[in-house]
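*Asks:* Here it is, the structure, as structure tokens.
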Amino acid sequence: MKTLITGATGFIGSHLLRHVVAEGASVAVLVRPRSDTSMIADLLPHIELRYGDVTDKESVCRAMKGVSQVYHSAGRVSISSRGVASLHRINVEGTKHVLQAATEYGVGRVVYTSSVSAIGITGTDVPADETQAWNLGRFNVPYYHTKHLAEEAVREAVGRGLDAVIVNPSYVFGAGDVHFNAGGLVRDLHHRRIPAYPTGGICVADIDDVAKAHIAAMRLGKCGERYILGGANLSYKQVFDTICGVIAAPKVWLPISRIMQRMLASLAKVQRFGITALANPEILTTTRERFYFDSSKAVAELGLTHTPFAETIRRTFEWYQHRKLL
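For what it's worth, the working numbering labels the leading residue of the sequence shown as 15, then goes sequentially.
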């Protein structure tokens, strides 16, 4: 039984690959010819590389031959309002290519790595669950929209007979985040680049908890269902306090005012001051919201575990230090 993983050189995908290989599975990964495989270098003797790109349907079909199950974790993450065409091509069209190829080649099951960005928020302290209607279109963040459209494509494929499960990771922290997505907060607080904290909040998750839940979704998930993979719901103040406590950085005491938001946005446009991604104009409005999510369904049905956030940050910080990335 051959397992195909897309996005295996990425943050979530590389951890997923590591766990799947550890279980002794026969694994192939879809990688672009010029992909940086340094994060999975030690695994290369144990896996098969199938070269291609999710944006090229023919190469996806070639990669799908002899495969019984697929983890589709390939995707582009961006908080910018630019590069919409690329986001759509990779996140939406690429997902459709994987779904079409899986259907054509009779793949037994596909687990699609979506995001909580494809789920709406309640606008209150009450966490959203998997039934929440998507309502993030009001934010100028095209990434949100592409993940929403990709999920719709998965549900349509299920309607045509494909066995597929959707998993929705929240804000994932952990070792291996070389592109400083969620880990950017660790870096920026370490370098004292964040002068104030946003007034909203997020649902944090540990990378290994998320990777293991993908495997559980392949085995135990219900066809057509989505599962939120999150952990604690924390205000940004709580997130910052925890990170600063672990990495021994000064705490951030001031909340971001609207005047400060405008100042940060102006500085971010200049691109000379090392301003954190939180100053991105497209993200500033989202950080006033509470992106809180309820993971109880994944806990009950997939056995999702919750590593304490402080422990996750400790591992993340030590990993960055060991590789001199800070």
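Note that the Cβ used here is the ideal one computed from N, Cα and C, for glycine as well.
Is the stretch 57-74 touching the stretch 19-39 in the sense that three or more CB pairs, one from each, lie closer than 8 angstroms?
*Replies:* yes
*Asks:* At the level of alpha carbons, what is the spacing between Thr69 and Thr109?
*Replies:* 8 angstroms
*Asks:* Counting C-beta neighbours from all protein chains within 10 Å, is the total for Ala147 16 or more, i.e. buried, or is it exposed?
*Replies:* exposed
*Asks:* If we count the other Cβ atoms within 10 Å of its Cβ and call it buried at 16 or more, is Ala36 buried or exposed?
*Replies:* exposed
*Asks:* Taking buried to mean at least 16 other C-beta atoms within 10 Å of its own C-beta, is Arg240 buried or exposed?
*Replies:* Buried, since its Cβ has 16 or more Cβ neighbours within 10 Å.
*Asks:* Buried or exposed for Arg304, going by 16 or more other Cβ atoms inside 10 Å?
*Replies:* buried
*Asks:* Classify Gly188 as buried or exposed, calling it buried when 16 or more other Cβ atoms lie within 10 Å of its own Cβ.
*Replies:* buried
*Asks:* Let's see if you can read the secondary structure: which residues bound the alpha helix (DSSP H) around Gly173?
*Replies:* 156-173
*Asks:* Can you check which of these residues, Ile208, Met274, Ala231, is closest to Lys251 by C-alpha distance?
*Replies:* Of the candidates Ile208, Met274, Ala231, the one whose C-alpha sits nearest the C-alpha of Lys251 is Ile208.
*Asks:* Could you compute how far the alpha carbon of Ser131 sits from the alpha carbon of Phe307?
*Replies:* 11 angstroms
*Asks:* Who pairs with Glu62 in a beta bridge, going by DSSP?
*Replies:* In DSSP, Glu62 forms a bridge with Ala42.
*Asks:* My guess is that Gly223 and His102 are in contact by the Cβ rule of under 8 angstroms, so how many angstroms apart are they, rounded?
*Replies:* It should be pointed out that residue 223 corresponds to Asp in this sequence rather than to Gly. So it is not a contact: roughly 30 angstroms between Cβ atoms.
*Asks:* In terms of residue numbering, what span does the alpha helix (DSSP H) encompassing Lys79 cover?
*Replies:* Taken as a continuous stretch (DSSP letters only), Lys79 belongs to no alpha helix (DSSP H), as it is neither H nor E.
*Asks:* Compare the Cα-Cα distances from Met1 to each of Val41, Ile26, Arg32 and report the closest residue.
*Replies:* Nothing about residue 1 can be reported from this structure: the residues present for the chain run from 15 to 340 only.
*Asks:* Going by C-alpha to C-alpha distance, which of Gly214, Arg328, Ala314, Gly173 sits closest to Val140?
*Replies:* Gly214
*Asks:* Looking at C-alpha atoms only, which residue of Ala227, Arg174, Asp50 is the closest neighbour of Leu30?
*Replies:* Nearest option by C-alpha distance: Ala227.
*Asks:* Use the C-beta contact count for Lys161: other C-beta atoms within 10 angstroms, 16 or more gives buried, fewer gives exposed.
*Replies:* buried
*Asks:* Could you give the distance in angstroms between the alpha-carbon of Gly122 and the alpha-carbon of Ala312?
*Replies:* 21 angstroms
*Asks:* Label His205 either buried or exposed according to how many other C-beta atoms from any shown protein chain fall within 10 Å of its C-beta, with 16 as the threshold for buried.
*Replies:* So His205 ends up on the exposed side.
*Asks:* Going by Cα to Cα distance, which pick from Cys75, Gly97, Pro156 is closest to Val112?
*Replies:* Cys75
*Asks:* Check the DSSP bridge columns for Tyr185 and list the partner residues they point to.
*Replies:* Val218
*Asks:* Restricting to Cα atoms, I'd like to know which of Val34, Gly190, Asp56, Lys265 is closest to Ile221.
*Replies:* Comparing Cα positions, the closest option is Gly190.
*Asks:* Have a look at the DSSP bridge pairing and note the partners of Ile180.
*Replies:* Tyr126, Arg240
*Asks:* May I have the straight-line CA-CA distance separating Leu44 from Tyr158, to the nearest angstrom?
*Replies:* 24 angstroms
*Asks:* Where do the ends of the beta strand (DSSP E) carrying Leu248 lie?
*Replies:* Per DSSP, Leu248 belongs to the beta strand (DSSP E) from 247-249.
*Asks:* Is DSSP giving Arg206 helix, strand or coil here?
*Replies:* coil
*Asks:* Output the boundary residues of the beta strand (DSSP E) element that contains Thr311.
*Replies:* The amino acid occupying residue 311 in the given sequence is Lys; Thr does not appear at that position. Counting along the chain, Lys311 falls outside any beta strand (DSSP E), though it belongs to the alpha helix (DSSP H) covering 310-316.
*Asks:* Just grab the DSSP bridge partners of His86 for me.
*Replies:* Under DSSP, the beta-bridge partners assigned to His86 are Thr20, Tyr126.
*Asks:* Comparing C-alpha positions only, which one of Arg90, Asp50, Phe323, Phe331 sits nearest to Ala246?
*Replies:* Phe323
*Asks:* Quick check on DSSP: helix, strand or coil for Phe307?
*Replies:* strand
*Asks:* Give me the Cα-Cα distance between Arg329 and Leu339, rounded to the nearest whole angstrom.
*Replies:* 14 angstroms
*Asks:* Less than 8 angstroms between the CB atoms is what I'm expecting for Glu315 and Leu234, so what's the real figure, rounded?
*Replies:* 6 angstroms
*Asks:* Could you please give me the residues that DSSP links to Tyr142 through a beta bridge?
*Replies:* Note that residue 142 is Ala in the sequence shown, not Tyr. Per DSSP, Phe307.
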